[in-house]
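Encoded as structure tokens, the structure appears first; notes follow it.
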Amino acid sequence: MQANSRLSDECKLTDAQMRDFIVNGYLTIKTDLPRSVHETIYRKTQEYTEREGNLGNNILPRVPELQAVFEDPAVRGAFTSILGENYVMHSHRHPHQNRPHSDGQGFHKDSYWGYQKVRHHRPRWAMAFYYPQDAPIEMGPSSVLPGTQYYSTRITEDNDSELALSGEAGTIIVIHFDLWHRAMANQTDKTRYMMKFQFVRMDAPETPEWNVANPHWQPEGINPATPAHQGTWRHVWNWVAGESNGRTAEASNGTLADHITALGSDDADVRANAADRLGLLGESAADTIPQLIAALRDNYEPVRLNAAYALGTIGEPAVPQLIETLGDENGPTRRMAAYALAAVGAPAVPTLSEALQHAEDAVRIEATYALAQIGNPAEDAIPALMERAKDEADEVRRYLADALGGIGPAAAPAVPALIDMLDNDEDKQARFEAALALAQIGPASSDAVPALSKALRDPDRYVRDNAIHALKRIGTVEAESELFDYLLMARWCPITNRQSTH
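Position 380, counted from 1, in the sequence shown is what our numbering calls 381; the numbers after and before it change by one each time, with no gaps.
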């Protein structure tokens, strides 16, 4: 699925809704479809599941009424606002059953179906949770820990901030792919279904694609109890707005000395707030670089996160110490240094390119990861990335393909390297990322059509799916011929079953 026809601005998100999504990681959308559509979806899902088992990825062709849900203008408007006009629906989707009197799930983040997930603070992926029936709290709806899409760990073992995403039939919850979530206990006698669909951004944002009134980040309407991550939120906002619209420095209460003292507090929240306030000062906080580097090793993740984005707003003066930190013995510290370098952006690209030649796997991995987060401003790193296409570390190869896809059409010189990866890499995640990168590069990947045609027979279903998207995006006569030949072979009858075979 791809959003092709243009939407009116009224269907898109407002500034307040985009701000809520960036801060909390979720939004609730209600379709305009009649209740009878949702009742039909529930009835068919229940009937087919009882007869055939979980429909898995085939839920959409088996219950085609779902297509109307995701073509609803409010739903398309939300995903267009977050992921851009050319977003696509990924082929992984799942009808989650919450059976009567279940105990629910533990909190988790989704992955690439068993693969090592590439985590993006910027919204490159998003999910939809759709309820075809009323889902009150007693029926065990999904729940989330708001704002935790930026955390790799749960910062608390209790569920104090848990929010139940209850709603009536036709409710869709749009969530950041990395938000911590779970199914709650179903205390009723009725099965609760939640249809999970995934969506992917295909183009780097150039301008705001929501119904924007003010392109600048405004910290308004945020729950005072929400842990403050102004630096992170502003960075994400600026990125989805095209990166050119945000202010990098603002007023912050207190002196540098006050903030440095607070960074040494025994209270983790005080330390986190101090790092966040330093992030408001931009390059004028450069004297605190050593203290912020030390904060990347803090045992409380919100401190590390705020320190990373504070270093990112300081910019180029922080790059040398951040590059050195990529070799830290602690994995979470290395990753936060990579986030900081990604927030620095283009000024960090030359040094990150040099780091791709480092002897230690960990440094190359994090340098490649940072370039992948930078996206199209990392264009100058293309030659250095191509040199690592045969890197012995799987993560390097995965991230470099992710980086080339994020650069987009300008990464056309790297198409031969991506073709070779798609043809020959033994790591299926690397092939997955290579096919997705070719799709994101688009028509400039036309030389990859033969390799993409071969990839339609890849043993991994999601490599095949990305190859389909790439052929569609390339759009040449040859690409469309290969795509149609495959789809004619792969077509199936969604109404065939044991009771009706012809």
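Note that beta-carbon positions come from the ideal geometry of N, C-alpha and C, so glycine has one too.
At 4 residues or longer, what runs of the alpha helix (DSSP H) sit wholly inside the stretch 360 to 410? DSSP runs (the alpha helix (DSSP H)) wholly in the stretch 360 to 410: 362 to 375, 383 to 388 and 395 to 408.
Exposure of residue 442, with buried meaning 16 or more beta-carbon neighbours within 10 Å: In the sequence shown, residue 442 corresponds to position 441, counting from 1. The residue in question, residue 442, is buried, as its Cβ has 16 or more Cβ neighbours within 10 Å.
Closest by CA to residue 148, which one among 414, 309, 335 and 302? Indexing the sequence shown from 1 puts residue 148 at position 147. Nearest C-alpha to residue 148: 302.
Taking 6 Å as the cut-off, does the CB of residue 71 come closer than this to any heavy atom belonging to the ligand GTP? The ligand GTP is not part of the structure shown, which contains no ligands of any sort.
Rounded distance between the beta-carbons of residue 8 and residue 202, thought under 8 Å: As a position in the sequence shown, residue 202 is number 201, starting the count at 1. As a position in the sequence shown, residue 8 is number 7, starting the count at 1. In this structure residue 202 does not touch residue 8 by the C-beta definition: roughly 16 Å separates them, more than the 8 Å allowed.
Between the C-alpha atoms of residue 493 and residue 63, what's the straight-line distance to the nearest angstrom? Sequence index remark: in the sequence shown, residue 493 carries index 492 (1-based). Sequence index remark: in the sequence shown, residue 63 carries index 62 (1-based). Rounded to whole angstroms, residue 493 to residue 63 spans 10 Å at the Cα level.
Would you call the CB atoms of residue 97 and residue 195 closer than 7 Å? Working through the sequence shown from its first residue, we reach residue 97 at position 96. Working through the sequence shown from its first residue, we reach residue 195 at position 194. Cβ atoms of residue 97 and residue 195: closer than 7 Å.
Secondary structure of residue 153, DSSP reduced to three states: The residue given as residue 153 occupies position 152 in the sequence shown. DSSP places residue 153 in coil when its eight states are reduced to three.
Boundaries (first-last residue) of the alpha helix (DSSP H) holding residue 278: Here residue 278 refers to the residue found at position 277 when the sequence shown is read from its first residue. Membership of residue 278 in the alpha helix (DSSP H) is indicated by the continuous run 269 to 280.
Quick test of your reading: residue 395 and residue 373, contact by CB under 8 Å. State the CB separation rounded to the nearest angstrom. On the sequence shown, residue 395 is found 394 positions in, with the first residue counted as 1. On the sequence shown, residue 373 is found 372 positions in, with the first residue counted as 1. 14 Å between Cβ atoms; not a contact.
Below 8 Å, can you find three or more Cβ-Cβ pairs linking the stretch 164 to 183 to the stretch 33 to 48? The stretch 164 to 183 is in contact with the stretch 33 to 48.
Which residues does DSSP pair with residue 130 in a beta bridge? Locating residue 130 in the sequence shown gives position 129, counting from the first residue. In the DSSP assignment, residue 130 forms a beta bridge with 174 and 197.
May I ask you to list the residues that DSSP assigns as paired with residue 511? It is not possible to answer for residue 511, since the shown part of the chain is limited to 2 through 503.
Here's a check: name, in chain order, each residue in its chain whose Cβ is nearer than 6 Å to the Cβ of residue 275, leaving out the five neighbours to either side. As a position in the sequence shown, residue 275 is number 274, starting the count at 1. Around residue 275: 260, 263 and 264.
Could you tell me the distance, in whole angstroms, from the CA atom of residue 215 to the CA atom of residue 16? Stepping through the sequence shown from its first residue, residue 215 is reached at position 214. Stepping through the sequence shown from its first residue, residue 16 is reached at position 15. When only Cα atoms are considered, residue 215 and residue 16 end up about 7 Å apart.
Quick one: is residue 267 buried, meaning 16 or more other Cβ sit within 10 Å of its Cβ, or exposed? As a position in the sequence shown, residue 267 is number 266, starting the count at 1. If you draw a 10 Å sphere on the C-beta of residue 267, you find fewer than 16 other C-beta atoms in it, and that means exposed.
Close Cβ partners of residue 362 (< 7 Å) along its chain, the five nearest in sequence each way excluded: Taking the first residue of the sequence shown as 1, we reach residue 362 at position 361. Exclusion of the five residues before and after residue 362 leaves 394 as the residues of its chain whose Cβ lies within less than 7 Å of its Cβ.
Can you tell me the Cα-Cα spacing of residue 425 and residue 92, whole angstroms? Along the sequence shown, read from residue 1 onward, the residue named residue 425 stands at position 424. Along the sequence shown, read from residue 1 onward, the residue named residue 92 stands at position 91. Going from the Cα of residue 425 to the Cα of residue 92 covers about 23 Å.
Alpha carbon to alpha carbon, how far is residue 271 from residue 279? The residue given as residue 271 occupies position 270 in the sequence shown. The residue given as residue 279 occupies position 278 in the sequence shown. Taking the straight line joining both Cα atoms gives about 12 Å.
Would you list the one or two residues that DSSP bridges to residue 90? Translated into the one-based positions of the sequence shown, residue 90 becomes position 89. Among the bridge pairs identified by DSSP, residue 90 is matched with 200.
Give me the Cα-Cα distance between residue 80 and residue 223, rounded to the nearest whole angstrom. Reading the sequence shown from its first residue, position 79 is the one you call residue 80. Reading the sequence shown from its first residue, position 222 is the one you call residue 223. Going from the Cα of residue 80 to the Cα of residue 223 covers about 22 Å.
With respect to the alpha helix (DSSP H) encompassing residue 454, which residues constitute its N-terminal and C-terminal limits? As a working note, residue 454 is residue 453 in the sequence shown. Taken as a continuous stretch (DSSP letters only), the alpha helix (DSSP H) holding residue 454 covers 450 to 456.
In chain order, what residues of the same chain have a beta carbon less than 8 Å from the beta carbon of residue 242, not counting five sequence neighbours either side? Residue mapping note: residue 242 aligns to position 241 of the sequence shown, counting from 1. 206, 208, 209, 213 and 216, listed in sequence order.
Ignore the nearest five residues each way along the sequence and tell me which others in residue 474's own chain have a CB closer than 6 Å to its CB. Looking up residue 474 in the sequence shown gives position 473. Correct list, in chain order: 440 and 443.
Hey, which unbroken runs of the beta strand (DSSP E) at 3 residues or more fall wholly within the stretch 41 to 102? Along the stretch 41 to 102, the beta strand (DSSP E) occurs as fully enclosed runs of 3 or more residues at 89 to 99, listed in sequence order.
Quick one: is residue 42 buried, meaning 16 or more other Cβ sit within 10 Å of its Cβ, or exposed? Indexing the sequence shown from 1 puts residue 42 at position 41. Residue 42 should be labelled buried.
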